[in-house]
Amino acid sequence: MEENNTKDEIPGRSLNFIEEIIEEDLRSGKNGNRVHTRFPPEPNGYLHIGHAKSICLNFGLGKKYNGKTNLRFDDTNPVKEDVEYVDSIKEDVKWLGFDWEDREFYASDYFEQLYEFALILIRKGKAYVCDMSADEISETRGTPTRPGKESPFRNRTVDENIDLFSHMRAGEFPDGAKVLRAKIDMSSPNMHMRDPIIYRIIHTSHHRTGDTWCIYPMYDFAHGQSDSIEKITHSICTLEFEVHRPFYDWLIQEIGIYAPRQIEFARLNLSYTVMSKRKLLELVQNKFVSGWDDPRMPTICGLRRRGYTPEAIRNFADTIGVAKRDNVIDINLLEFCIREDLNARASRVMGVLNPLKIVLDNFPEDLVEEMEAVNNPENPSAGIRKVPFSKELYIEEEDFMENPQGKFFRLSPGKEVRLRSAYIIKCESVIKDPISGRIREVHCTYDPLTKSGMPESNRKVKGTLHWVSVKHALKAEIRLYDRLFTVENPDNAEEGKTYIDYLNPDSLQVKTGYIEPSVKQVLPLDKLQFERLGYFSVDYDSTAENLVFNCVVTLKDKRPK
RNA sequence: UGUCCGAUGGUGUAAUUGGCAACACGUCUGCCUCUGGAGCAGAAGAGUCUAGGUUCGAUUCCUAGUCGGACAACCA
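For the first sequence, this note's numbering assigns the number 168 to the initial residue and increments by one for each residue that follows.
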């Protein structure tokens, strides 16, 4: 896979705490110089920017230490999982620029093995079949501060347990009738050690194993052992699994298999959005957004549709770093990353979102001049293009003020302004609608000696405006986005409210814009900078007849702080 | 009330493992500019949660406390 210009290999940069652990293990020869990580999603939802952090971390570490990274689906719950999700996850990881080669695994690949592991536990007297209901189990589990009570089925004989467990597998019991539990310690201060359930009965067909199984391992019984089976050296996961680690260690120990080292890091939180799968799903289901890939969503597919690039996301992941303390990253940083990337690579183009007609009184009626415009001042090799210029133009409504006050450097009566890549023009008069008083058009004169590139063109004027020729401009649908939520932390809702109450009603604004004709051939996901406005990406809905652009980010955040 | 984890400018991450805190974003100022973008130059902003202890010396080690987070799905 193509190595991109992600700046994740800055020499001399200090190591994060995970790299430190890895290098320590490398020095001590712990895994015979191997570094092997994995990204282990459950296929029950779409990936979001938080997952991107984990993906970049895991695959980044694999790459950095010349190791390997697996993609493994932890598909232990058939009622919530679906191939739709595995496909989207694969697409997103690939799009982010990572390659798991031939190591696409599934916890369901290990079901038989996991069943054997359960048998080992039973034979050792470390697991038992329990007939209590879900409610009873939950009642006897105790609380974090109060010990639980032992199940009356806790002391069944090994033979009875083996027998019962095989009948569970054979489908002789209905859902919920029995579970297999690890036999550890009902009074452990760690709730996860109070005889946790390791197998439950679910008569639902699985997206990969079909109806082969009607008992499924719990995540906690599958995850650690799957890592072990895959000989993962460093199992990197988020903080909430820290409390599970003692149980994973116990299992590995009792079963007697290879022990990966689990390292937990703090998950990503982004301001002005929500990150939980459940909430994102609600936004989709309740139609607050158009779908998982709505450009306002923090999902990978949403960001992709919005116009984010894999490079920008990887740089973002690299910039935020990784540590154990809770964090909330300012969404401005994400925006900074995409601006930085697009500034270097997006071609500049002119487009007007709120048109105001300009008539150049001294410009020949039918003349069309082809103006040469630089495609990207940051990158001369991007070349130049021609932009038609004629007597009637559109400029941005807000670039004209009849009675300017203060530091207004744009067009106003009697004042001069530069039209980007074209001429300097002077405002002569304003024509208004006699009834509404609205400005209908602005009459100007142009100075023929000031054409861009001509010797006389260096005269200084304070402002430079973008423009488009009325009769050449292409109409386009422009979708402007604002933050999905009005508050920094929608999760932290006040009494009686939920995050839904903080949805920004103005997060989507659709406009008809006029764009220079050079954009005629754009394809979905093409990136452009509309000069002085922002970066835009062609939407999937765009066709040759109906261009549709998404605003990725404006050039500079003008939002009051 | 228990166990585990964490605490460094506004935000995030560092500090060569004990030698008086750095980088990025943001903010501010100036320069430059045919994008009020970008770029360039500079500045402000934390004495590292608190109190003790060890030490010549502590952001780094120890103790206690404070605050924040995680944990009581047959979810992951």
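Every residue, glycine too, gets a C-beta built ideally from N, C-alpha and C.
- Item | First through last residue of the beta strand (DSSP E) which encompasses D614 | As a working note, residue 614 is residue 447 in the first sequence. For D614, the uninterrupted beta strand (DSSP E) segment begins and ends at I606 to D614.
- Message: Can you tell me whether W634 is helix, strand or coil according to DSSP?
- Response: In the first sequence, the residue the question calls residue 634 occupies position 467. Note: W634 maps to strand in three-state DSSP.
- Item | Nearest-angstrom Cα separation, counted from S438 out to T653 | Here residue 653 corresponds to residue number 486 of the first sequence, with the count starting at 1. Here residue 438 corresponds to residue number 271 of the first sequence, with the count starting at 1. One alpha carbon belongs to T653, the other to S438, and they sit about 10 Å apart.
- Message: Less than 8 Å between the C-beta atoms of C297 and R348, yes or no?
- Response: Stepping through the first sequence from its first residue, residue 297 is reached at position 130. Stepping through the first sequence from its first residue, residue 348 is reached at position 181. Inclusion of C297 and R348 in the CB contact set at 8 Å is warranted, their separation being smaller than that value.
- Limits of the unbroken alpha helix (DSSP H) element including S402: For this step, residue 402 is matched to residue 235 along the first sequence. Where S402 is concerned, there is no enclosing alpha helix (DSSP H), although the beta strand (DSSP E) around it starts and stops at H401 to T405.
- With 16 other Cβ atoms within 10 Å as the buried cut-off, status of K291: Within the first sequence, the letter at position 124 stands for residue 291. It is exposed - the Cβ of K291 has fewer than 16 other Cβ atoms within 10 Å.
- Task: Tell me Q676's beta-bridge partners as DSSP assigns them.
- Result: The residue you call residue 676 lines up with position 509 of the first sequence. In the DSSP secondary-structure assignment, Q676 is bridged to L647.
- Query: Rounded to whole angstroms, how far is the Cβ of V441 from the Cβ of D658, which I believe are closer than 8 Å?
  - Reply: In the first sequence, residue 441 corresponds to position 274, counting from 1. In the first sequence, residue 658 corresponds to position 491, counting from 1. 6 Å between Cβ atoms; contact.
- Below 8 Å, can you find three or more Cβ-Cβ pairs linking the region 500-507 to the region 243-253? Taking a contact to require three or more Cβ pairs closer than 8 Å, the region 500-507 and the region 243-253 do not qualify as touching.
- V519 by DSSP, collapsed to three states: which one? Along the first sequence, one-based indexing puts residue 519 at 352. Reduced to three states, the DSSP call for V519 is strand.
- Task: For D387, count neighbouring Cβ atoms within 10 angstroms of its own Cβ and tell me buried if that reaches 16, exposed if not.
- Result: Translated into the one-based positions of the first sequence, residue 387 becomes position 220. Sixteen is the threshold: when 16 or more other Cβ atoms of the shown chains lie within 10 Å of the Cβ of D387, as they do, the residue is buried.
- Query: Near N542, what residues of its chain come up, given a Cβ to Cβ distance below 7 Å and the 5 sequence neighbours on each side ignored?
  - Reply: The sequence position of residue 542 within the first sequence is 375, counting from 1. Scanning its chain for C-beta atoms nearer than 7 Å, with the 5 sequence neighbours on each side dropped, one finds around N542 the residues S514, R515, A549, G550, I551 and R552, in chain order.
- When we look at the beta-carbon of G212 and count the other beta-carbons within 10 Å, is it buried (16 or more) or exposed? As a position in the first sequence, residue 212 is number 45, starting the count at 1. In the assembly as shown, G212 is a buried residue. Its beta-carbon has 16 or more other beta-carbons within 10 Å.
- Query: Should D242 be labelled buried (16 or more other beta-carbon atoms within 10 Å of its own) or exposed?
  - Reply: Reading the first sequence from its first residue, position 75 is the one you call residue 242. Flag for D242 reads buried.
- Using DSSP with H/G/I as helix, E/B as strand and the rest coil, what is A540? As a working mapping, residue 540 is identified with position 373 in the first sequence. If DSSP states are grouped into helix, strand and coil, A540 belongs with the strands.
- Item | A511 beta carbon less than 8 Å from that of E545 | Position 378 of the first sequence holds residue 545. Position 344 of the first sequence holds residue 511. Cβ atoms of E545 and A511: closer than 8 Å.
- Looking at the unbroken beta strand (DSSP E) that takes in F272, where does it start and where does it end? Taking the first residue of the first sequence as 1, we reach residue 272 at position 105. Per DSSP, F272 belongs to the beta strand (DSSP E) from E271 to Y273.
- Query: For H610, which residues of its own chain have a beta-carbon under 6 Å away from its beta-carbon, when the five flanking residues on both sides are left out?
  - Reply: Numbered from its first residue, the first sequence carries residue 610 at position 443. Spatial neighbours of H610 in its own chain (CB-CB distance under 6 Å, excluding positions within 5 residues in sequence) are listed in chain order as V526, D528, E595 and S596.
- Query: When burial is assigned at 16 or more other CB atoms within 10 Å of the CB, is L690 buried or exposed?
  - Reply: The residue you call residue 690 lines up with position 523 of the first sequence. Its Cβ having fewer than 16 others within 10 Å, L690 is exposed.
- Candidates R646, N671 and L641, of which the one nearest E655 by Cα: Against the first sequence, residue 655 aligns to sequence position 488. Closest option to E655, Cα to Cα, is N671.
- Message: Which residue marks the beginning of the beta strand (DSSP E) containing S596, and which one marks its end?
- Response: Here residue 596 refers to the residue found at position 429 of the first sequence. Where S596 is concerned, the enclosing beta strand (DSSP E) stretches over I591 to K599.
- Task: Could you work out which residue in R375, I304, L286 and I498 is closest to L651 when comparing CA atoms only?
- Result: Position 484 of the first sequence, counted from the first residue, corresponds to residue 651. Considering only alpha carbons, the answer is I498.
- Going along the chain, which residues of its own chain have a beta-carbon closer than 8 Å to the beta-carbon of L722, five neighbours each way excluded? What you label residue 722 is simply residue 555 of the first sequence in a count that begins at 1. So the qualifying residues of the chain are R506, Q696, R699, L700, G701 and Y702.
- Roughly how many angstroms separate the alpha carbons of H373 and S275, rounded to a whole number? Position 206 of the first sequence holds residue 373. Position 108 of the first sequence holds residue 275. Approximately 9 Å between the Cα atoms of the pair.
- Distance CB(Y681)-CB(K642) smaller than 8 Å: For the purposes of this step, residue 681 is identified with residue 514 of the first sequence, where counting begins at 1. For the purposes of this step, residue 642 is identified with residue 475 of the first sequence, where counting begins at 1. In this structure, the beta-carbon distance from Y681 to K642 falls below 8 Å.
- Query: By a C-beta neighbour count over all protein chains shown, 10 Å radius and 16 as the cutoff for buried, is I177 buried or exposed?
  - Reply: The residue you call residue 177 lines up with position 10 of the first sequence. Interpretation of I177 is limited by its pLDDT of 48, a score under 50 that renders its predicted location unreliable; no figure is taken from the coordinates.
- Using the Cα positions of L182 and G488, report the straight-line distance between them to the nearest angstrom. Reading the first sequence from its first residue, position 15 is the one you call residue 182. Reading the first sequence from its first residue, position 321 is the one you call residue 488. So the alpha carbons of these two residues sit roughly 10 Å apart.
- Query: From what residue to what residue does the beta strand (DSSP E) around P384 run?
  - Reply: Translated into the one-based positions of the first sequence, residue 384 becomes position 217. Per DSSP, P384 is one residue of the beta strand (DSSP E) stretching across I382 to P384.
- Message: Alpha carbons only, please: which of R313, G343 and A294 is nearest the one belonging to E327?
- Response: Here residue 327 refers to the residue found at position 160 when the first sequence is read from its first residue. With distances taken between Cα atoms, E327 lies closest to A294.
- Query: When the distance is taken between beta carbons, is N570 closer than 8 Å to I496?
  - Reply: Indexing the first sequence from 1 puts residue 496 at position 329. Indexing the first sequence from 1 puts residue 570 at position 403. For the 8 Å CB-CB criterion, I496 and N570 do not form a contact.
- Message: To the nearest angstrom, how far is the alpha carbon of L214 from that of R481?
- Response: Translated into the one-based positions of the first sequence, residue 214 becomes position 47. Translated into the one-based positions of the first sequence, residue 481 becomes position 314. C-alpha separation (whole angstroms): 15 Å.
- Terminal residues of the beta strand (DSSP E) in which V296 lies: On the first sequence, residue 296 is found 129 positions in, with the first residue counted as 1. Segment A294 to C297, the beta strand (DSSP E) holding V296.
- Inter-residue spacing [alpha-carbon to alpha-carbon] between P363 and F408: Position 196 of the first sequence holds residue 363. Position 241 of the first sequence holds residue 408. Rounded to the nearest angstrom, the two C-alpha atoms are 15 Å apart.
- Leaving out five residues on either side along the sequence, give the residues of the same chain with a beta carbon under 7 Å from the beta carbon of S624. The residue labelled residue 624 in the question sits at position 457 within the first sequence. Cβ neighbours of S624 beyond the five flanking positions: T617 and K618.
- Query: Any idea if V715 is buried or exposed, counting beta-carbon neighbours within 10 angstroms, 16 or more meaning buried?
  - Reply: Translated into positions along the first sequence, residue 715 becomes position 548. With 16 or more other CB atoms across the displayed protein chains lying within 10 angstroms of its CB, V715 is buried.
- Message: Rounded to the nearest angstrom, what separates I185 and E449 at their Cα positions?
- Response: The residue labelled residue 185 in the question sits at position 18 within the first sequence. The residue labelled residue 449 in the question sits at position 282 within the first sequence. Taking the straight line from one Cα to the other gives about 34 Å.
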